[in-house]
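These protein sequences, in sequence, are chains B and C.
Following numbering that gives the first Met the number 0, the numbering of the first sequence begins with 0 at its first residue and continues without gaps.
Following numbering that gives the first Met the number 0, the numbering of the second sequence begins with 0 at its first residue and continues without gaps.
Backbone N, C-alpha and C fix where the C-beta goes; we use that ideal spot for every residue, glycine too.
Note that this is a predicted model, so its numbers are computed, not measured.
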Amino acid sequence: MGSYIWKRVLTFIPILLIMSLVIFFIIQLPPGDYLTSYVAGLKAEGQIVDESEMDSLKERYGLDQPWFVQYFKWMWGILTRFDFGYSFDYEKPVWPVIAEVLPMTIVVSLATMLFNYLVGIPIGIYSAVHQYSVGDYCFTLVGFLGMAVPNFLFAILLMYGTYIWTGTAFIGLYSNEILLGLQQGTLQWYDLLLRGDFWGRMAIPIIVIGTSGTCGTLRSMRAQMLDELGRNYVLCARAKGVSERRIIYKYCLRAALNPTVSGLSGVLSHIFNGSTISAIVMNLQLVGPRLYSALKAQDMYLAGTILLVMGFLIVLGTLLSDIMLAWLDPRIRFSGRRAE
Amino acid sequence: MKTRKIISLLLAAIMLMSLCAFAVAEAPAYSQSPYLDGQNLPAVADRLPAASDVMVEDVADIGQYTDYITLMQGGSSKWGPGKPTEEALFRFKTDGTVEPNVAKGYDVNEDATVWTIYLREGMKWSDGVPFTSEDCRFFYEECLLTGFTGKSAWEAVKAADANGEMQLAEFKAIDDYTFTMTFVSSKPEFLRELAINGKWFFAPKHWLEEHVAVYNDANKTAEEKDAYAQGKGFSDMKALGNSYTYYYWIVKDRPTLRAWQIDGDFNDEMCVWKRNPYYWKVDAEGKQLPYIDELHFRRYSDDSQALLWVMDGTADIGSVALQDVETILNSEATVNLVEWSSTGWTSQSMQLNLAVQDELKRPLFQNVNFRHALSVIVDRNQIAQLIDNGYTEPAQSAPPEGAQGYDPEWTNKWVEQDLDAAAALLAECGLTKGADGFWAFADGTKLTLNLQYQNEADASLAELLKNDLNKAGIDATTRMYDRSIMEEMRSANQHEIVLNYENFDTVSISLRPDYFVPMRDYCVWGSAFGLWYLNSIDGKAREGAVEPPEDVKAMLDIYTAMKNATTSEAKEELAVKLLDCFKEGIYEIGFTSSNPAIYAVNAKMHNFREDGIACDEFRDLGLANFACLWVEK
Numbered sequence: 000m001g002s003y004i005w006k007r008v009l010t011f012i013p014i015l016l017i018m019s020l021v022i023f024f025i026i027q028l029p030p031g032d033y034l035t036s037y038v039a040g041l042k043a044e045g046q047i048v049d050e051s052e053m054d055s056l057k058e059r060y061g062l063d064q065p066w067f068v069q070y071f072k073w074m075w076g077i078l079t080r081f082d083f084g085y086s087f088d089y090e091k092p093v094w095p096v097i098a099e100v101l102p103m104t105i106v107v108s109l110a111t112m113l114f115n116y117l118v119g120i121p122i123g124i125y126s127a128v129h130q131y132s133v134g135d136y137c138f139t140l141v142g143f144l145g146m147a148v149p150n151f152l153f154a155i156l157l158m159y160g161t162y163i164w165t166g167t168a169f170i171g172l173y174s175n176e177i178l179l180g181l182q183q184g185t186l187q188w189y190d191l192l193l194r195g196d197f198w199g200r201m202a203i204p205i206i207v208i209g210t211s212g213t214c215g216t217l218r219s220m221r222a223q224m225l226d227e228l229g230r231n232y233v234l235c236a237r238a239k240g241v242s243e244r245r246i247i248y249k250y251c252l253r254a255a256l257n258p259t260v261s262g263l264s265g266v267l268s269h270i271f272n273g274s275t276i277s278a279i280v281m282n283l284q285l286v287g288p289r290l291y292s293a294l295k296a297q298d299m300y301l302a303g304t305i306l307l308v309m310g311f312l313i314v315l316g317t318l319l320s321d322i323m324l325a326w327l328d329p330r331i332r333f334s335g336r337r338a339e
Numbered sequence: 000m001k002t003r004k005i006i007s008l009l010l011a012a013i014m015l016m017s018l019c020a021f022a023v024a025e026a027p028a029y030s031q032s033p034y035l036d037g038q039n040l041p042a043v044a045d046r047l048p049a050a051s052d053v054m055v056e057d058v059a060d061i062g063q064y065t066d067y068i069t070l071m072q073g074g075s076s077k078w079g080p081g082k083p084t085e086e087a088l089f090r091f092k093t094d095g096t097v098e099p100n101v102a103k104g105y106d107v108n109e110d111a112t113v114w115t116i117y118l119r120e121g122m123k124w125s126d127g128v129p130f131t132s133e134d135c136r137f138f139y140e141e142c143l144l145t146g147f148t149g150k151s152a153w154e155a156v157k158a159a160d161a162n163g164e165m166q167l168a169e170f171k172a173i174d175d176y177t178f179t180m181t182f183v184s185s186k187p188e189f190l191r192e193l194a195i196n197g198k199w200f201f202a203p204k205h206w207l208e209e210h211v212a213v214y215n216d217a218n219k220t221a222e223e224k225d226a227y228a229q230g231k232g233f234s235d236m237k238a239l240g241n242s243y244t245y246y247y248w249i250v251k252d253r254p255t256l257r258a259w260q261i262d263g264d265f266n267d268e269m270c271v272w273k274r275n276p277y278y279w280k281v282d283a284e285g286k287q288l289p290y291i292d293e294l295h296f297r298r299y300s301d302d303s304q305a306l307l308w309v310m311d312g313t314a315d316i317g318s319v320a321l322q323d324v325e326t327i328l329n330s331e332a333t334v335n336l337v338e339w340s341s342t343g344w345t346s347q348s349m350q351l352n353l354a355v356q357d358e359l360k361r362p363l364f365q366n367v368n369f370r371h372a373l374s375v376i377v378d379r380n381q382i383a384q385l386i387d388n389g390y391t392e393p394a395q396s397a398p399p400e401g402a403q404g405y406d407p408e409w410t411n412k413w414v415e416q417d418l419d420a421a422a423a424l425l426a427e428c429g430l431t432k433g434a435d436g437f438w439a440f441a442d443g444t445k446l447t448l449n450l451q452y453q454n455e456a457d458a459s460l461a462e463l464l465k466n467d468l469n470k471a472g473i474d475a476t477t478r479m480y481d482r483s484i485m486e487e488m489r490s491a492n493q494h495e496i497v498l499n500y501e502n503f504d505t506v507s508i509s510l511r512p513d514y515f516v517p518m519r520d521y522c523v524w525g526s527a528f529g530l531w532y533l534n535s536i537d538g539k540a541r542e543g544a545v546e547p548p549e550d551v552k553a554m555l556d557i558y559t560a561m562k563n564a565t566t567s568e569a570k571e572e573l574a575v576k577l578l579d580c581f582k583e584g585i586y587e588i589g590f591t592s593s594n595p596a597i598y599a600v601n602a603k604m605h606n607f608r609e610d611g612i613a614c615d616e617f618r619d620l621g622l623a624n625f626a627c628l629w630v631e632k
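Written out as structure tokens, the structure reads:
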């Protein structure tokens, strides 16, 4: 197992290098560059940028060089100094721009993930065990609705709902009081985890972002459980008098969790990124919206770094999920040994 | 004798005491916001300029100090908080003239070559350091002219010499509170030009000189300078200079003359601006302005959030789109909707690229009859009702009422829909109608117009225009492009017919001709002509230049003469001539009159002017004079 993990880790290097090249190339693909977008923005505000300024800006941003030269300079900075470059838009090094929003991105992502699994898995089991019952139909209906309603629409409805019901639209994660506290330094992001008003506002993103995932988990769990419950080993266990509880939770659930665990490969990346469109609609300052605006503005080092980190986390997540699958499912472990 | 002496002494003492009492009564009784109490500051009178130089704002309702108001900030534009807090040397009034602001006053010699600017004695930066003419010299000579700001020297500080070459003005400090700007030739519009593109002409030398010294140090290499800037958190020295001297208002701790100073990161979800204790304006009762202690800028990522914040009272002032007015009126929002007029020529427009690359279309687009035909094909009533919700009326793109060049005849030129007249005009242009009912070129090539736009909101306009064109037998396509792609297309002369892209809008065409006249590659309807014009001036061979037709060349000649004109009258005369060219050629086809700017303002807010004009030159929302606003408790 150790050598297997080591080999997999070594393959990370070429994968990440190729990934970085592809990412950089794709970011460069649309017509224009950051400067075009920047100048368009200035013009929309009535600003005037003359020829000499354009040339000076091009030189300053290094945009007067071919894309592969820019790429090699960027990679050289990363490999030699761990310097991911500067964000043109924020006029800061890339890492602080990401770090500003990373803690809250992780909080939101973990909370929605927990909601997803804590709600989706039990209901999935219930629906499978009580197939075609009233409860199953109700949960199925809710599940399909949850999958069918676009997150952004659901978010808008909930925000409008809070305005109608409470007189205050719950937009963003923070109330005015919290924002002032954060701004004045009397509050830190981790203090928020103990505040009721923060979790009151957190409810909307958790429900909005969590629901679509929950519905997916619920349906997949139900299908897998039904599949497992119909297998011969279950029949055999019942014939031997094993309790129904033991059959479901000890054997069927373990096997049915396989697809859920395989899906964990993308979880690390998701935790880092958060949900982009929903976050924009709900005005959540997370990594996702920063990536979106960086891509739109062709702020290439910021976008490139976020995508590169996401790519790395997907590769890492795949490895971790493979290891977890092997641990969870004896068939995988044993099939490996049989092959030897 | 002794008694007389005593009486005289007593009288003298009484007179002296009464004089003192009079003096005490006459000394301005200044007061400050309770927000500043306990901050260990000098007395308010010592923080303000000398009594004779304090700026007294003409405030309609004398106010109460207000703890904070909340404003909204979308996107990464630094001008969001920039304009409302801006303090220019001279500021615009709504009649288009300028008045002293940071400056106390000015004098000008007879031929307008020497401008003398007077500053306010005793005025201080937000850290208490005196503001003097040396701060102006430092900005002009050591920041602007050296390129430290990252911007080219403004047209405002240049004048043409006898050979037509632009020469920079010479700065001379007379004393701490007086300086002169001397031009090689007459510069009649110096103050108005300065109010537009040289809004601030000063920088805190005591705070900046260390950085500027590094920038100007001939012994340091570029790498060493960049390393210095990186130590301050910037990518390079140019980024540092641009940030500290151009977008300076978002730099924390940099001394300012504005009423508020940023206290945090501009990109924060809520950015707080705190009052400047050394602000130099008072109201008629001597209360130090601003009335509002803090500005809170809340960041939003989608327009619907801004609308909800207006409705639930989170935001005290917010700009409202026309389509949202009904929603606000039907809500329980406690806001007043204030309507400001605008200097825009139209609210819905179409501009044909007269230098379009297509060899068949180029002469057609340059033919004024073709533009006339397109104009009368369109049903403007439909656009006014469906897109502008009835807030505008059918009109041609023309200066609005009250603006320079306003002409009702122009406003109504080619406005009525007339398909028969359009057909006759198209035939005159050499087009023929094919068997399929669509117009084609003489060689049989079908005429297809490509309508391009960059805002999702313009999709409806594009569809309405396409329908009207199809009804008139003109094939058309519509397509939306990202803003940066559209910008790239414009600079590469790949655009064809653009909708609502840099609509004509200015308070004075002589002051801001950039978007009107193709004097460089800015002008949408002829960016490639702009390159030709630049080539004709400096003899370079810019790629993509296209020689303009005669009517555009005539326009460029007028522009050149206007730029070099030495009197205000001559400039105005040439501006009128220039406007005549636009009336004649209709280079922007407008469909509706310009729409007003609507602001939702907290119903308890005082002094928010109702007669404002929304335009960049007047600093948009900044015209509301935020220092005088206050909210009733």
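Assigned exposure category for residue i - 16 Cβ within 10 Å defines buried
i: residue 260 (chain C); result: buried
i: residue 430 (chain C); result: buried
i: residue 123 (chain C); result: buried
i: residue 57 (chain C); result: exposed
i: residue 303 (chain C); result: buried
i: residue 63 (chain C); result: exposed
i: residue 208 (chain B); result: buried
i: residue 279 (chain C); result: buried
i: residue 21 (chain C); result: For residue 21 (chain C), the predicted model reports a pLDDT of 44, less than 50, meaning its position is unreliable and no value from the coordinates is stated.
i: residue 18 (chain C); result: Because the pLDDT at residue 18 (chain C) is just 47, under 50, the model does not fix this residue reliably, and the point stays unresolved.
i: residue 24 (chain C); result: With a pLDDT of only 46 at residue 24 (chain C), under 50, the local geometry of the prediction cannot be trusted, and no value is derived from it.
i: residue 131 (chain C); result: buried
Bounding residues of the alpha helix (DSSP H) (the contiguous stretch that carries residue i)
i: residue 211 (chain B); result: 195-228
i: residue 205 (chain C); result: 204-215
i: residue 350 (chain C); result: Not the alpha helix (DSSP H): residue 350 (chain C) falls in the beta strand (DSSP E), residues 347-351.
i: residue 371 (chain C); result: 367-376
i: residue 110 (chain B); result: 93-128
i: residue 227 (chain C); result: 221-230
i: residue 275 (chain B); result: 275-280
Extent of the continuous beta strand (DSSP E) run through residue i
i: residue 171 (chain C); result: 169-174
i: residue 185 (chain B); result: Here residue 185 (chain B) belongs to no beta strand (DSSP E), and DSSP marks it neither H nor E.
i: residue 247 (chain B); result: Run containing residue 247 (chain B): none; DSSP gives neither H nor E here.
i: residue 252 (chain C); result: That residue, residue 252 (chain C), is in no beta strand (DSSP E); it is neither H nor E in DSSP.
i: residue 642 (chain C); result: It is not possible to answer for residue 642 (chain C), since the shown part of chain C is limited to 0 through 632.
i: residue 601 (chain C); result: 596-601
Distance between beta carbons of residue j and residue i, contact taken as under 8 Å
i: residue 200 (chain C); j: residue 139 (chain C); result: 7 Å
i: residue 515 (chain C); j: residue 503 (chain C); result: 6 Å
i: residue 65 (chain C); j: residue 630 (chain C); result: 5 Å
i: residue 250 (chain C); j: residue 600 (chain C); result: About 29 Å separates the two Cβ atoms, so there is no contact after all.
i: residue 115 (chain B); j: residue 300 (chain C); result: Not a contact, Cβ separation roughly 24 Å.
i: residue 446 (chain C); j: residue 385 (chain C); result: That belief does not hold up - the Cβ atoms of residue 446 (chain C) and residue 385 (chain C) are roughly 26 Å apart, past 8 Å.
i: residue 442 (chain C); j: residue 375 (chain C); result: Contact doesn't hold; Cβ gap of about 26 Å is too wide.
- Using Cβ-Cβ distances below 7 Å, what residues of the region 75-97 of chain B are close to chain C? Of all residues in the region 75-97 of chain B, only 85, 88, 89, 90, 91 place a beta-carbon less than 7 Å from a beta-carbon of chain C.
- Message: Counting only Cβ-Cβ distances shorter than 8 Å, please list the residues of the region 155-174 of chain B near chain C, keeping chain order.
- Response: 155, 158, 159, 162, 166, 167, 168, 170, 171, 173
- Query: Of the residues that make up the region 160-173 of chain C, which ones have a beta carbon closer than 9 Å to any beta carbon in chain B?
  - Reply: none
- Message: Please give me, in chain order, every unbroken run of the alpha helix (DSSP H) with length at least 4 that falls completely inside the region 453-507 of chain C.
- Response: 458-470, 482-490
- Of the residues that make up the region 197-226 of chain B, which ones have a beta carbon closer than 9 Å to any beta carbon in chain C? none
- Query: Using a beta-carbon distance cut-off of less than 9 Å, what residues from the region 279-301 of chain C approach chain B?
  - Reply: 295, 297, 298, 299, 300, 301
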